[in-house]
Structures are given as structure tokens and as C-alpha cells.
Amino acid sequence: MSDIDQNAPAEPSGELPPAPRTAEVAAYLAARMCHDFISPASAIVSGLDLLDDPSAQDMREDAMNLIAGSARKLADLLSFTRVAFGASATAEMFDARELAKLAQGVFAHMRAEMDWQVEPASLNKPAARAILNLAQMAGAALPTGGVAKIRAVVEGATVVLAVEAIGPRARLRSEVLAGLRGEAMGEGLHGHWVQAYYVHLFLTDAGGRIFADVTEEQVTFAASIPA
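Residue numbering for the sequence shown follows full-length UniProt numbering, beginning at 1 and increasing consecutively.
Right, dumping it as C-alpha cells:
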């Protein structure tokens with residue numbers, strides 16, 4: 001499998017920007033989470049406003065549907081984020097079935113479908129965080145739909161993850177590739193970059209590695225983490 005960017009030059013030209021400090025990464029992660037939460041939260045408020053509007057009583061059913069759907073999306077994102085980005089209390093091992101539910105909760109609000117094929121019954125914290133983040137990134141790489149295949153196996157003392165995004169317009173933003181390489185972001189959106197950079201940080205701290213490969217109609221992520 002190719003390294004993160006098969007088209008990247010072997011020797012970058014010029015001096016690379018310094019890696020972001022911890023406080024900067026935390027700020028970017030907080031902004032990313034707020035961005036994810038604000039849409040369903042705003043939709044709930046809009047639905048409540050419709051319920052309070054005497055002139056919009058004929059839209060009561062639509063308002064209730066909007067509130068219910070947005071509340072489910074917000075709850076799904078919060079549950080997912082707690083494990084994918086947060087400490088999730090003191091848990092060090094995560095049931096693979098629970099991880100599948102968290103990932104499916106996110107995919108319920110995406111165009112892509114998820115194919116979950118995780119062999120281990122449980123995953124350690126770095127592997128659990130990695131598989132959730134890579135699953136979400138695979139779904140985001142399929143803006144018009146497709147299938148995200150999520151796989152995990154244990155090979156000796158290593159957990160091996162393979163996440164494939166397969167679809168007609170599969171793509172990976174340059175800032176995501178930069179983040180996975182551990183590089184500071186240049187042009188692009190911080191919300192996409194910081195998730196990839198965060199994955200790079202916690203996998204590196206755990207002694208793991210992360211790769212990505214982009215081909216026509218397919219994006220592939222692969223990671224290895226000590227079990």
C-alpha cells in the first residue's frame with residue numbers, strides 16, 4: 001500500500017511550518033465539534049420556534065419531525081465524539097459492538113453506507129479512537145454516497161485497521177493528507193485538518209502508524225497499533 005500521499009515529493013521544498021502547539025490543537029478540535037453540533041442544535045431551536053408561532057400551527061407536525069430528527073442527530077454526534085475525540089471516562093478497552101453502534105449513528109446522517117467487519121471483540125483506546133475517526137473520515141470522503149468498509153484484525157501483538165471509502169466521487173482533501181502526515185495546515189479548512197492531525201498525534205503516541213492511499217473512486221486508510 002502506498003504511503004499517505006503517493007504524489008507528494010520525496011523532499012519538500014522550503015521549510016515546513018512548525019507543528020501546532022497543544023493549545024492550538026485543542027482550540028481547533030473545540031471549533032470542529034462546535035461546527036458539528038451547531039447544525040442539529042439550530043434545527044431544534046427552529047422547530048421550537050415554529051411550535052411557538054401561532055400563525056404556523058399547520059406546520060406543527062413538520063416542526064415535531066424536525067425536532068425529533070435533529071435531536072437524534074445531535075445525540076448520535078455527542079455519543080460518537082465522546083469516544084472518538086474525548087477521554088470517555090476511564091475506559092481503556094471498548095466493546096467492538098458498541099463502537100459499531102457509535103459509527104452507525106454517524107453514518108445514519110451521511111449519504112454513504114457502512115460495512116462493519118471488525119474481528120476483535122474489543123479494541124484498546126487508541127485503536128477504538130482510530131477506527132471511529134477513520135470511519136467518519138471515510139464517510140466524509142464519499143459526498144455523493146458509496147460504501148465505507150471498516151475492517152480490523154489482530155496480527156500478533158498488533159491491531160491492523162483497514163478502512164476503504166468506495167464510491168463514484170471518492171476524494172480526500174489535501175488538508176486531511178497533511179494532518180495524517182503530522183504537518184501544520186497550509187491552505188484549507190481547519191475542521192478537516194485537525195481531525196486527521198489528532199489521529200496522527202494519538203497513534204504516534206501509542207507507537208502506531210497511519211497511511212492513506214487515493215485512487216480513482218476509492219480512498220483507503222490503513223493503521224497499525226500495538227494491541
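Yeah, the Cβ is synthetic: ideal placement off N, Cα and C, and Gly gets one too.
Review point. Which residues in the same chain as Arg171 place their Cβ atom closer than 8 angstroms to its Cβ, once the five residues preceding and following it in sequence are excluded?
Key: Hits under 8 angstroms: Ala141, Pro143, Val214, Val219.
Practice item. Work out the CA separation of Arg82 and Leu134 for me, nearest whole Å. Key: 15 angstroms
Exercise for review: With Phe107 as the anchor, note down where its alpha helix (DSSP H) starts and where it stops.
Suggested key: 96–107
Practice item. Count the other C-beta atoms from every protein chain shown that fall within 10 angstroms of the C-beta of Pro168, then say buried if there are 16 or more, exposed otherwise. Key: With fewer than 16 other Cβ atoms within 10 Å, it is exposed.
**Study point:** Same chain only: Cβ atoms within 8 angstroms of Gly207, ignoring 5 sequence neighbours per side
**Key:** Ile225, Pro226
Practice item. With distances taken Cα to Cα, identify the nearest neighbour of Ala212 among Asp62, Gly191, Leu161. Key: Closest by C-alpha distance to Ala212, out of Asp62, Gly191, Leu161, is Leu161.
Check your understanding: Going by other Cβ atoms of all chains shown within 10 Å of its Cβ, with 16 needed for buried, is Glu155 buried or exposed?
Key -> exposed
Point to revise | Sheet register partners of residue 253 (DSSP bridge) | key: Shown here, the chain extends from 1 to 227; a query on residue 253 therefore has no answer.
Review point. For Ile166, which residues from the same chain have a beta carbon less than 6 angstroms from its beta carbon, with the 5 sequence-adjacent residues on both sides left out?
Key: Gly146, Val147, Gln218
Review point. For Thr220, does the three-state DSSP call read helix, strand or coil?
Key: When secondary structure is reduced to three states using DSSP, Thr220 falls in the strand class.
Practice item. For the segment 42–50 and the segment 66–77, state whether three or more C-beta atom pairs, one from each stretch, are separated by less than 8 angstroms. Key: yes
Exercise for review: Express the C-alpha separation of Asp76 and Leu189 in angstroms, rounding to a whole number.
Suggested key: 23 angstroms
Review point. What residues in its chain sit with their C-beta under 6 angstroms from that of Gln117, if we drop five residues either side in the sequence?
Key: Arg151
**Study point:** Cα-Cα separation, Pro40 to Lys73
**Key:** Those two C-alpha atoms are separated by around 6 angstroms.
Exercise for review: Note the first and the last residue of the continuous alpha helix (DSSP H) segment covering Met33.
Suggested key: 22–52
Check your understanding: So, Pro20 versus Ala184, is the Cβ gap smaller than 8 angstroms?
Key -> yes
Exercise for review: Please determine, among Thr22, Arg60, Pro120, the residue with the shortest C-alpha to C-alpha distance to Thr158.
Suggested key: Pro120
Point to revise | Assigned exposure category for Gln57 - 16 Cβ within 10 Å defines buried | key: The residue is exposed, with fewer than 16 neighbouring Cβ atoms inside 10 Å.
Point to revise | Enclosing beta strand (DSSP E) for Glu164 [first to last residue] | key: 158–166
Exercise for review: For the beta strand (DSSP E) containing Arg171, list its first residue and its last residue.
Suggested key: Unbroken run through Arg171: none, as it is neither H nor E.
Exercise for review: Output the boundary residues of the alpha helix (DSSP H) element that contains Arg129.
Suggested key: 125–140
Review point. Looking only at C-alpha atoms, which of Leu102, Ala96, Gly139, Gly105 sits nearest to Asn124?
Key: Per the Cα distances, Ala96.
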